[in-house]
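Sequential numbering from 1 applies to the sequence shown in full-length UniProt numbering. Where a beta carbon is used, it is the ideal one built from N, C-alpha and C, also for glycine.
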Amino acid sequence: MFVRDAGNSVEDDPYFPFSRSFDWFNGHSWAKGLFESFDGKDQESTSEDTITTTPTSPPNFIGNKVTGILFENKVDHTTWFGSNLEFIQGIHMLPLPPNSSYTRQPQFVTEEWQAMFAPNASTPAANVDGGWKGVLFANLTLIDPQASWDFFAQSKFDYSWIDGGASRTWYLAYTAGLGGGP
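What follows is the structure in structure tokens.
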């Protein structure tokens, strides 16, 4: 049933929509499904679609840096909820399932971290407020699981650093699974 729900090929199935929001003409899904939008349909959080569509992505697309929002008629380096760098980059990190190491290659994550979130970068992760801080440090697990573990395991951990879709327990398990830990 899960396969039918995610990639149904039967047009008149009474239980699941045909192809969900996959656009056969453009070759990818759209964030709002196949509905029109003023700027054209858009693709926002590429990571949300990776579990079912990454194996069909052309190899030359996988290494691209994020755009923010990719519409049919424009590219916008922003999100619907703000233009902070941690929003624009972070939305493409979410969710952080075990297959993130497949979709977010170490070289890409290293380049992204060094340019944007390292201590001497434009927006150091240590200076980010709220749940996006946790997202950034969880993503760091892909290249430095020990540093990520140390962040989430610290005794003065602030739970406001966890976004609404995650937990400290998940992030600790995730970092431990990729090599971080005491």
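Can you give me the Cβ contacts of Met-93 inside the same chain, cut-off strictly under 8 Å, excluding the 5 residues immediately before and after it? Here the question's residue 93 lines up with position 93 in the sequence shown. So the list reads Ser-47, Ser-100, Arg-104, Val-135, Leu-136, Ala-138 and Asn-139, once near-sequence residues are dropped.
Selection from Gln-154, Ala-125, Pro-106 and His-77 that minimises the alpha carbon distance to Ile-143: Position 143 of the sequence shown, counting from 1, holds the residue named residue 143. Considering only alpha carbons, the answer is Pro-106.
Can you tell me whether residue 187 is helix, strand or coil according to DSSP? Residue 187 lies beyond the residue range present for the chain, which begins at 1 and ends at 182; the question has no answer from this structure.
At the level of alpha carbons, what is the spacing between Gly-180 and Thr-169? Position 180 of the sequence shown, counting from 1, holds the residue named residue 180. Position 169 of the sequence shown, counting from 1, holds the residue named residue 169. The alpha-carbon atoms of Gly-180 and Thr-169 are separated by roughly 13 Å.
Cβ-Cβ distance between Phe-117 and Thr-110 below 8 Å: Counting from one through the sequence shown, the residue named residue 117 turns up at place 117. Counting from one through the sequence shown, the residue named residue 110 turns up at place 110. No.
Please identify the residue among Pro-145, Trp-132, Val-128 and Phe-38 whose C-alpha is closest to the C-alpha of Ile-91. Along the sequence shown, one-based indexing puts residue 91 at 91. Residue Trp-132 is the option with its Cα nearest to Ile-91.
Taking 8 Å as the limit between beta carbons, can you name the residues of its chain near Asp-150, skipping five residues before and five after? The residue labelled residue 150 in the question sits at position 150 within the sequence shown. So the list reads Gly-180, once near-sequence residues are dropped.
Based on the DSSP output, what are the partners of Leu-178 in its beta bridges? Numbered from 1 along the sequence shown, position 178 holds the residue referred to as residue 178. Answer is none; Leu-178 lacks a bridge partner.
Short check: CB of Asn-73 to CB of Gly-40, under 8 Å? As a position in the sequence shown, residue 73 is number 73, starting the count at 1. As a position in the sequence shown, residue 40 is number 40, starting the count at 1. Their beta carbons are under 8 Å apart, which means Asn-73 touches Gly-40 by this criterion.
Beta-carbon separation of Ala-121 and Gln-114 under 8 Å? As a working note, residue 121 is residue 121 in the sequence shown. As a working note, residue 114 is residue 114 in the sequence shown. Contact check for Ala-121 against Gln-114 passes: the beta carbons are separated by less than 8 Å.
Given a cut-off of 8 Å on the beta-carbon distance, is the pair Val-75 and Gln-89 in contact? Taking the sequence shown and counting its residues from 1, one reaches residue 75 at position 75. Taking the sequence shown and counting its residues from 1, one reaches residue 89 at position 89. At a Cβ-Cβ threshold of 8 Å, Val-75 and Gln-89 do not count as neighbours.
State the DSSP-derived secondary structure class of Val-10, mapped to helix, strand or coil. The sequence position of residue 10 within the sequence shown is 10, counting from 1. Val-10: coil per DSSP, three-state reduction.
Cα separation between Asp-5 and Phe-16? Walking along the sequence shown from the start, residue 5 turns up at place 5. Walking along the sequence shown from the start, residue 16 turns up at place 16. Cα to Cα, Asp-5 sits roughly 6 Å from Phe-16.
Beta carbon of Leu-172 nearer than 8 Å to that of Ala-153: What you label residue 172 is simply residue 172 of the sequence shown in a count that begins at 1. What you label residue 153 is simply residue 153 of the sequence shown in a count that begins at 1. Result yes, Cβ atoms of Leu-172 and Ala-153 sit closer than 8 Å.
Runs of 3 residues minimum, wholly inside the UniProt domain "Glycosyl hydrolase family 81 C-terminal" (55-172): which ones carry the beta strand (DSSP E) assignment? Restricted to the UniProt domain "Glycosyl hydrolase family 81 C-terminal" (55-172), the beta strand (DSSP E) segments that are unbroken, complete and at least 3 residues in length are 69-71, listed in chain order.
Exposure of Val-10, with buried meaning 16 or more beta-carbon neighbours within 10 Å: Counting from 1 along the sequence shown, the entry for residue 10 is found at position 10. So Val-10 ends up on the exposed side.
Who are the near neighbours of Glu-86 in its chain, counting only those whose CB is closer than 7 Å to its CB and skipping five residues on each side? Counted from its first residue, the sequence shown places residue 86 at position 86. Here the set comprises Thr-123, Val-128, Trp-132 and Leu-136.
Looking at Thr-141 and Tyr-174, is the spacing between their C-beta atoms short of 8 Å? Along the sequence shown, read from residue 1 onward, the residue named residue 174 stands at position 174. Along the sequence shown, read from residue 1 onward, the residue named residue 141 stands at position 141. Taking 8 Å as the Cβ cut-off, Tyr-174 and Thr-141 qualify as a contacting pair.
Check each candidate in Gly-130, Phe-108 and Ala-166 and name the one with the smallest Cα separation from Asp-158. Position 158 of the sequence shown holds residue 158. Measuring C-alpha to C-alpha distances from Asp-158 to each of Gly-130, Phe-108 and Ala-166 identifies Gly-130 as the nearest.
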